[in-house]
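Working notes, beginning with the structure itself.
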Amino acid sequence: MGLVPTQLLNNPQKILSLVSQRQEALSDNIANMHTKGYRRKDVDFSQYLNSGISSRLENKVVQKYGPAPIASSSTSENISTEDELALMQENYLLYNIAVRHLSSTITEIKTALNVSANG
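Start counting the sequence shown at 313; every next residue gets the next number (my numbering).
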């Protein structure tokens, strides 16, 4: 996967939601890295983008509440502060891309409204 999932570029609100969830998961990982039995969490963007929904019930739940992209993975002994901070930096870049894209969209809408009001 590239840094920005191309399917989400047209919907920066979804990116912002996923980035927020990922930031929370990564923060939890650092906070609990020495907690016995803690399992590392991360956001799986590919799960969010997966169109192969297996059941009608799952499809209805995803449509109503959205997907649940946070997934547990390895145990706490594999959590590295440096790795988590690097992922946080990547997350920060995703956030900036989404905000700039959203800002650009808002600017385009304002321009269109000004042109139609003056025309």
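Glycine included, every Cβ here is placed at the ideal spot set by N, Cα and C. As the structure is a prediction and not an experimental result, all values here were calculated from the model.
Residue i versus residue j: straight-line alpha-carbon distance, rounded
i	j	result
Gly-349	Leu-330	25 Å
His-413	Val-355	21 Å
Thr-393	Ala-410	25 Å
Leu-406	Thr-417	17 Å
Val-427	Ile-421	10 Å
Ser-415	Lys-353	30 Å
His-346	Thr-419	46 Å
Asn-430	Arg-351	58 Å
CB-CB length for residue i against residue j, believed under 8 Å
i	j	result
Leu-328	Leu-399	No, Leu-328 and Leu-399 are not in contact; Cβ-Cβ is about 17 Å, not under 8 Å.
Gln-325	Asn-403	Their Cβ separation, rounded to whole angstroms, is 16 Å, which puts Gln-325 and Asn-403 out of contact at 8 Å.
Reduced DSSP category for residue i - H, G, I as helix; E, B as strand; rest coil
i	result
Val-411	helix
Arg-353	The amino acid at residue 353 is misidentified as Arg; the sequence shows Lys. DSSP places Lys-353 in strand when its eight states are reduced to three.
Lys-348	coil
Ile-391	coil
Ile-365	For Ile-365, the predicted model reports a pLDDT of 41, less than 50, meaning its position is unreliable and no value from the coordinates is stated.
Option in the options with minimal Cα separation from residue i
i	options	result
Asn-341	Gln-333, Ser-332, Glu-396	Glu-396
Asn-344	Gln-333, Ile-391, Ser-428	Ile-391
Ser-332	Gln-401, Thr-347, His-346	Gln-401
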